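Asks: Got a structure for you, questions after.
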Amino acid sequence: MLRRLLAPIAALLLAGAVASVADAQIYPTRPVHIVVGFPAGSTTDILARIYADKLTEYFNQRFIVENIPGHSSNDAAAAAAIAEPDGYTLFVASNAQSANAAILPEQPFAFPHAFAPIALLGRVPTVVVVNRALGVGTVRELVALAKAKPGRLRYGTAGFGTGGHIAAQLFKAAAGVSMVQATYDGSHEAAADLVAGRLDVLFAPLPTIAGIAADRRIVQLATTGARRSPVAPQLPTLAEEGIAGVDVGLWFGLMAPRGIPGEVQREIANAVTRAVDSHFFKDSLTASGAEPVRATLDTFAAFLEIDMPAWAILVSRAGVSVADYERPAVRAAPTLPAGGH
0 MLRRLLAPIA ALLLAGAVAS VADAQIYPTR PVHIVVGFPA GSTTDILARI YADKLTEYFN
60 QRFIVENIPG HSSNDAAAAA AIAEPDGYTL FVASNAQSAN AAILPEQPFA FPHAFAPIAL
120 LGRVPTVVVV NRALGVGTVR ELVALAKAKP GRLRYGTAGF GTGGHIAAQL FKAAAGVSMV
180 QATYDGSHEA AADLVAGRLD VLFAPLPTIA GIAADRRIVQ LATTGARRSP VAPQLPTLAE
240 EGIAGVDVGL WFGLMAPRGI PGEVQREIAN AVTRAVDSHF FKDSLTASGA EPVRATLDTF
300 AAFLEIDMPA WAILVSRAGV SVADYERPAV RAAPTLPAGG H
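Quick note on numbering that gives the first Met the number 0: the sequence shown kicks off at 0 and runs consecutively.
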């Protein structure tokens, strides 16, 4: 009797398992949207588009980057977290999510638990850049000038809670200087204002700086990592320049709303791994200013468990709190015309 009752249930479970595998095998059957929390041209957007092109080629289906800028990518994360967990909405997360989880514990989503990890996309150094008209060529000269002109130098970041913001706060504390922050929706907008002379200093990811590296109106001074970046070995670290304790490296990773079918999750992760294993793709990624990372799905998940408390410590040391979000943003003025670079 029990066997007869269980037989239909077993059949249904088997059918469901077969359907799940079949769905994974034909994934994707329609375009996949990759949600990015910063504007087009930002570092997150640059990396997302590099991988979107490769995934489009791999799956023979379009992977479309969708930009939802706002609140240091929190708006995009909130939108992605409630999307259907079917593999057709992905999200490019970064250290901004780890930092903001510590700064803003009251959010409509819990990071990283609202998401399923897929793959790390790359590591990126934060670069300290100045406008050449400032007349400084080293970090020590920048510190001396900032001390001579307290509160008069303007520096740009991609918003509160981003790596550039945390790095700048730690830099000011370690160097004992006072500067005025100008916040932007994306670091590329700040880079445009740096080139135009509306900013004095910029703390930004290397891929953003790579786009203006040849411009003689800027000078790259140092990176904020614990070691010299393999994609910019010519730049010293702040520690080498006498500013200790500003160890802020950036990461970017692909995630999906929690609940994505495991087979689909692994299929996308495998596609990213295949891309990173390609020497041509690695060269393309390095040329953009990002260090390729080969990490399994489980490795990425383990990395997040370490990264969260690490950024909580950095946020605490930087003295960043929810009150920073409630202050009106200071912007460089006048703003550039639409489309200006």
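Each residue gets a CB set at the ideal place from its N, CA and C atoms; glycine is no exception. All figures in this text were calculated on a predicted structure; none of them were measured in a lab.
Quick one: what's Leu253 bridged to in DSSP?
Replies: Looking up residue 253 in the sequence shown gives position 254. Per DSSP, Val91 and Ala118.
Asks: How close, in whole Å, do the beta carbons of Ser287 and Ile117 come, if the pair is a contact with beta carbons under 8 Å?
Replies: As a working mapping, residue 287 is identified with position 288 in the sequence shown. As a working mapping, residue 117 is identified with position 118 in the sequence shown. At roughly 20 Å, the Cβ-Cβ gap does not stay under 8 Å, so Ser287 and Ile117 are not in contact.
Asks: Give the single residue among Ala174, Glu240, Phe37 and Val142 whose Cα lies nearest to the Cα of Ala317.
Replies: Mapped onto the sequence shown, residue 317 falls at position 318. Residue Ala174 is the option with its Cα nearest to Ala317.
Asks: Cβ atoms of Leu249 and Arg122: under 8 Å apart, would you say?
Replies: Here the question's residue 122 lines up with position 123 in the sequence shown. Here the question's residue 249 lines up with position 250 in the sequence shown. Yes, Cβ-Cβ distance for Arg122 and Leu249 is below 8 Å.
Asks: Under the rule that 16 or more other beta-carbon atoms within 10 Å means buried, what is Gln233, buried or exposed?
Replies: Within the sequence shown, numbered from 1, the residue matching residue 233 stands at position 234. It is exposed - the Cβ of Gln233 has fewer than 16 other Cβ atoms within 10 Å.
Asks: Just verifying my parser: in three-state terms, what is the DSSP assignment at Ile165?
Replies: Locating residue 165 in the sequence shown gives position 166, where the first residue counts as 1. It is helical.
Asks: Quick one: measure Cβ to Cβ for Asn269 and Leu193, integer angstroms, because I've assumed they're closer than 8 Å.
Replies: Position 270 of the sequence shown, counted from the start, is the residue given in the question as residue 269. Position 194 of the sequence shown, counted from the start, is the residue given in the question as residue 193. At roughly 40 Å, the Cβ-Cβ gap does not stay under 8 Å, so Asn269 and Leu193 are not in contact.
Asks: Under the three-state reduction of DSSP, which class applies to Gly155: helix, strand or coil?
Replies: Looking up residue 155 in the sequence shown gives position 156. Reduced to three states, the DSSP call for Gly155 is strand.
Asks: Let me make sure I understand the geometry here. Which of Tyr87, Gly40 and Pro38 has the alpha-carbon closest to that of Pro260?
Replies: Indexing the sequence shown from 1 puts residue 260 at position 261. The residue with the shortest Cα to Cα distance from Pro260 is Tyr87.
Asks: Could you give the uninterrupted runs of the alpha helix (DSSP H) lying entirely in the region 266 to 296, keeping only those of 4 residues or more?
Replies: Complete alpha helix (DSSP H) runs here, min 4: 278 to 286.
Asks: According to DSSP, is Pro30 helix, strand or coil?
Replies: For the purposes of this step, residue 30 is taken as the residue at position 31 of the sequence shown. Coil, per DSSP.
Asks: Between Gly158, Pro68, Ser71 and Val91, which lies nearest to Ile49 when the distance is taken from Cα to Cα?
Replies: The count along the sequence shown starts at 1 and reaches residue 49 at position 50. Out of Gly158, Pro68, Ser71 and Val91, Val91 has the C-alpha closest to the C-alpha of Ile49.
Asks: If you follow the alpha helix (DSSP H) that Glu188 is in, where does it begin and where does it stop?
Replies: Here residue 188 refers to the residue found at position 189 when the sequence shown is read from its first residue. Residues Ser186 to Ala195.
Asks: For Asp184, which residues from the same chain have a beta carbon less than 6 Å from its beta carbon, with the 5 sequence-adjacent residues on both sides left out?
Replies: Here residue 184 refers to the residue found at position 185 of the sequence shown. Closer than 6 Å at Cβ, skipping near neighbours: Pro38 and Pro68.
Asks: Under the three-state reduction of DSSP, which class applies to Pro111: helix, strand or coil?
Replies: Position 112 of the sequence shown holds residue 111. Pro111 falls in the coil class under three-state DSSP.
Asks: For Tyr57, I'd like the list of residues in its chain whose CB is within less than 8 Å of its CB, leaving aside the five on either flank, ordered along the chain.
Replies: Within the sequence shown, numbered from 1, the residue matching residue 57 stands at position 58. Excluding sequence neighbours, Tyr57 sits near Ala270, Arg273 and Ala274.
Asks: Can you name the start and end residues of the beta strand (DSSP E) that Glu56 belongs to?
Replies: Here residue 56 refers to the residue found at position 57 of the sequence shown. Where Glu56 is concerned, there is no enclosing beta strand (DSSP E), although the alpha helix (DSSP H) it sits in stretches over Thr42 to Phe58.
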